[in-house]
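Heads up, the thing below is written out as structure tokens.
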Amino acid sequence: MLAATLAFLILPVAYTFVGSFATRMTGVVPEGLGTLDNWRVVLGLADTIGSQRSMGWTTLVALPNGIGIQVPAELAFSVALALGGVAINVVVGVPIAYAVARYDFRGKEWVDAFSVLPLVPGVVLGVAFLRAYPNLSATSFGLIVGYSLLKAPFMVMAVRSEFESMDLRRIEESARSLGASWPRTFLTVIVPQARSGILAGAIICWTLAAAEFNFSYIVYAKGTQPLALFLQRHISNSAFPQAAAAVSLFFCIVVAVTVALQRLGNRGFDAIGGD
Amino acid sequence: MSVAGRLADSVTAPDWLLAPVTERDRERRRIVALCLPFAALAVVAGVFPLVEVARISVSTQTYDSVGFTLAAYETLLTDPYYRGVAVNTLWFAAATTVTAVGLAVPIAHALETYDLPAGDLLVTLVSFPISLPGIVAAFMVLVLVGNTGLVTSVVAAFSAASPLDLAFGTTTSGLFLAYLYSMIPRATLILRGAYAEVDDRPAEAAQSLGATPFQTFRYVTLPAIRPAITGALVLTFRTALAIFGTLLVIQSLVVWTLQISRELGPGFDLRVAGAMAVAYFAFAFAFTALALRYTEAEVGL
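Each protein sequence line maps, in turn, to chains A and B. The opening position of the first sequence corresponds to residue 1 in the numbering used here, with each subsequent residue numbered one higher. The opening position of the second sequence corresponds to residue 1001 in the numbering used here, with each subsequent residue numbered one higher.
Encoded structure:
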């Protein structure tokens, strides 16, 4: 049972990765293995047209001598959008996690439940955004705000479990007895202590935001597309090996993130949310 | 004056918030300050858009929220097409949930109770698909059983049948597999957490008293993890209801989320889309609250 399920979950991942280096994938064994053409196409290093078009490249930093550092536009765009969402998540998630972990107050169970349950799925939030912010919806700002709400529970969970493993009352009292004001205690003593939890939460939120498809699909209209829409474009329109290369590109990101999380001693992605 | 302005004027902040005297007052002020950023995000990105979408769903005009009519909801309730979509959504989510959790129980059992070779690697591999979006889950199923899929090609090579007759990636069965691809890893992760907390001494005692592994599972382990199974069913069902990207790739069944996006396509009907979004939100919220309240599940709320 375990072996069959593992095969079902992992076999297509491995086959996709191998297939991304093939010219044709119609038989049992992919043909023409060893080509990098598909990767060059999805990374925008070869010319493409129409719905199969690849990433454009954009200048990230323009150096004074006229040479710029070039990056794939859609990858860089997604990285930036997801980072914006993570920044908001840190600002909203860390304080509320601390409130729940440190204090007892009326309605705490409700605050707790609302901060960790992803209550609104991406499609529904997307429709709501279209209606509430019609002028903002197709902009990066709308996407960032939407991502931050959708992924906030993962930040709160990661940080809260870190806070719960600390003796908060003692840390807070010793800092205050040394003369630190409460805001100073929170910002310079408590928050740095929880940095591994914050980092783990940030990595998880970043990956999930970079991969968020449902919300992006409804809200996003034109211009450079987020990474998830780039994947969908290739899955729906491209030849099989080329789609495989696009999906493999995403696998590489997930593997890098998983390794980073294990370095932090985190158990990885939590199971409650996601769609 | 704006609604927000009038609201701000009519509410006077209590004394403990403005001029705290006791340590208890200061603590309350801190709690408010700590919760404020999250509350602001929830209102701007969650509550306000949801209220707006609820208003357009009862509007008499297509593009402006004016008047009051339940026509859109009446359509959802009486039109056989929308009733069919609702039935599709519920049975498909229920069937995939039961299958996913049914498979996740033995997997979590094997991962947590036996010392498997390379156990950590197995856990990582089973968890890997959690971070893949639904469109990729659909692609994985096409890789296996699509027209040029791996399993399709292997079976065709051994059976002389045409790959096109064997492939079922874009059928409802393929969609079923794609749902499972997203849901099994999530259900497994929830159940593994529960297994890790189970005291394994009663199981060892049962075994030493002569119980077979199956009897031990049936009478000792299963009662201990039953709340976690309920929790896994609830959360996996919610996941199933929210799946959308998968359906764009394998459009073999029209469910609620796919229909919402179709309302926004040609014929753009924001009122019906809004009513569907409201119905979805109300159902998911009520389901989660009721299920987790009455089942003693050890998972949040």
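Just so you know, even glycine gets a beta-carbon here, dropped at the ideal spot from N, CA and C. Please read these numbers as outputs of a predicted model, since none were measured by experiment.
| query | Along the chain, where does the alpha helix (DSSP H) that runs through residue 1223/B open and close? | reply | Segment 1222 to 1242, the alpha helix (DSSP H) holding residue 1223/B.
| said: Looking at residue 115/A: is its Cβ nearer than 7 Å to the Cβ of residue 226/A? | reply: Not closer than 7 Å, so no.
| Does the separation of the CB atoms of residue 1257/B and residue 1134/B fall below 7 Å? | At least 7 Å separates the beta-carbon of residue 1257/B from that of residue 1134/B.
| Which of helix, strand or coil does DSSP assign to residue 1202/B? | Collapsing the DSSP output to three states places residue 1202/B in a helix.
| task | Round the Cβ separation of residue 1054/B and residue 1271/B to the nearest angstrom and send it over; I've been treating them as touching at under 8 Å. | result | Between residue 1054/B and residue 1271/B the beta-carbon gap is near 11 Å, outside 8 Å, which marks them as no contact.
| message | Quick check on residue 31/A: does DSSP put it in helix, strand or coil? | response | Under the three-state reduction of DSSP, residue 31/A is assigned to strand.
| field | CB contact flag (residue 1236/B, residue 1183/B, <7 Å) | value | Yes; because the gap between Cβ atoms is below 7 Å, this pair is in contact.
| request: Can you have a look at residue 1209/B and say buried or exposed, based on whether 16 or more other CB atoms are within 10 angstroms of its CB? | output: That one is exposed.
| query | For residue 237/A versus residue 122/A, is the C-beta distance shorter than 7 Å? | reply | No.
| request: Determine, using beta carbons only, whether residue 1257/B comes closer than 7 Å to chain A. | output: By the rule that beta-carbons nearer than 7 Å mark a contact, residue 1257/B touches chain A.
| request: Kindly list the residues whose CB is nearer than 7 Å to the CB of residue 127/A, restricted to its own chain and excluding five residues on each side of it in sequence; keep chain order. | output: Sequence-distant Cβ neighbours of residue 127/A in its own chain, meaning closer than 7 Å and more than five residues away, are 218.
| said: Check this for me: beta carbons of residue 1104/B and residue 1191/B, under 7 Å apart or not? | reply: Yes. Within cutoff.
| field | Within chain B, partners of residue 214/A - CB distance below 7 Å | value | At a beta-carbon threshold of 7 Å, the residues of chain B lying near residue 214/A are 1244, 1245, ordered along the chain.
| query | Around the C-beta of residue 1168/B, are 16 or more other C-beta atoms found within 10 angstroms, so that it is buried, or is it exposed? | reply | If you draw a 10 Å sphere on the C-beta of residue 1168/B, you find 16 or more other C-beta atoms in it, and that means buried.
| request: Using a threshold of 7 Å, state whether the C-beta atoms of residue 1147/B and residue 1253/B are closer than that. | output: Contact: no.
| request: Could you give the DSSP three-state label for residue 15/A: helix, strand or coil? | output: For residue 15/A, the secondary structure class from DSSP, reduced to helix, strand or coil, is helix.
| Three-state secondary structure (DSSP) at residue 153/A? | Residue 153/A: helix per DSSP, three-state reduction.
| said: Quick check on residue 74/A: buried or exposed, where buried means 16 or more other Cβ atoms within 10 Å of its Cβ? | reply: Of the other Cβ atoms in all chains shown, 16 or more fall within 10 Å of the Cβ of residue 74/A; this residue is therefore buried.
| task | Report the neighbours of residue 1126/B on chain A: residues whose CB is nearer than 8 Å to its CB, in chain order. | result | Result: 5, 6, 9.
| For residue 10/A, which option in 1033/B, 1121/B, 1045/B has the closest C-alpha, if you only look at C-alpha atoms? | Closest option to residue 10/A, Cα to Cα, is 1121/B.
| task | Can you check the region 1127 to 1172 of chain B for any beta strand (DSSP E) of at least 3 residues that lies completely inside it and give the ranges in chain order? | result | Runs of beta strand (DSSP E) with 3 or more residues, each lying fully within the region 1127 to 1172 of chain B, are absent.
| Bridge partners of residue 183/A, per DSSP? | Within the DSSP secondary-structure output, residue 183/A pairs in no beta bridge.
| said: Within 10 Å of its beta-carbon, does residue 263/A have 16 or more other beta-carbons around it, so buried, or fewer, so exposed? | reply: By the 16-neighbour rule on beta-carbons within 10 angstroms, residue 263/A is exposed.
| message | Nearest by alpha-carbon distance to residue 1285/B: which of 235/A, 132/A, 118/A, 196/A is it? | response | Residue 118/A holds the alpha-carbon nearest to the alpha-carbon of residue 1285/B among 235/A, 132/A, 118/A, 196/A.
| query | From what residue to what residue does the alpha helix (DSSP H) around residue 131/A run? | reply | 122 to 132 is the span of the alpha helix (DSSP H), which, as asked, contains residue 131/A.
| query | Any beta-carbon of chain A closer than 7 Å to the one on residue 1283/B? | reply | With 7 Å as the cut-off, residue 1283/B does not count as an interface residue toward chain A.
| query | Nearest-angstrom Cα distance between residue 252/A and residue 18/A? | reply | One C-alpha to the other measures close to 13 Å.
| query | Using the beta-carbon count (16 or more within 10 Å), is residue 209/A buried or exposed? | reply | Only buried fits residue 209/A, as 16 or more other CB atoms lie within 10 angstroms of its CB.
| query | Which value, in whole angstroms, describes the spacing of the CA atoms of residue 203/A and residue 149/A? | reply | Approximately 16 Å between the Cα atoms of the pair.
| At what residue ranges does the region 1052 to 1105 of chain B contain a whole run of the beta strand (DSSP E), taking only runs of 3 or more? | List check, beta strand (DSSP E) in window: nothing returned.
| message | For residue 174/A and residue 1/A, what's the separation of their Cα atoms in angstroms? | response | Approximately 54 Å between the Cα atoms of the pair.
| Along the region 1033 to 1052 of chain B, what residues have a CB closer than 9 Å to any CB found in chain A? | Listed by position, the residues of the region 1033 to 1052 of chain B near chain A (Cβ gap below 9 Å) are 1033, 1034, 1035, 1036, 1037, 1038, 1039, 1040, 1041, 1042, 1044, 1045, 1046, 1048, 1049, 1050, 1051, 1052.
| request: Assuming residue 1044/B and residue 145/A form a contact by the criterion Cβ under 8 Å, report the distance between their Cβ atoms to the nearest whole angstrom. | output: With 8 Å as the limit, residue 1044/B and residue 145/A qualify as a contact, their Cβ atoms being about 7 Å apart.
| Using 7 Å as the limit for Cβ to Cβ distance, is residue 2/A near chain B? | Residue-level contact check: residue 2/A touches chain B, since one or more beta carbons of chain B fall below 7 Å from its beta carbon.
| For residue 72/A, does the three-state DSSP call read helix, strand or coil? | DSSP places residue 72/A in strand when its eight states are reduced to three.
| said: So, with DSSP's three-state summary, where would you put residue 24/A? | reply: In this structure, residue 24/A counts as strand in the three-state DSSP scheme.
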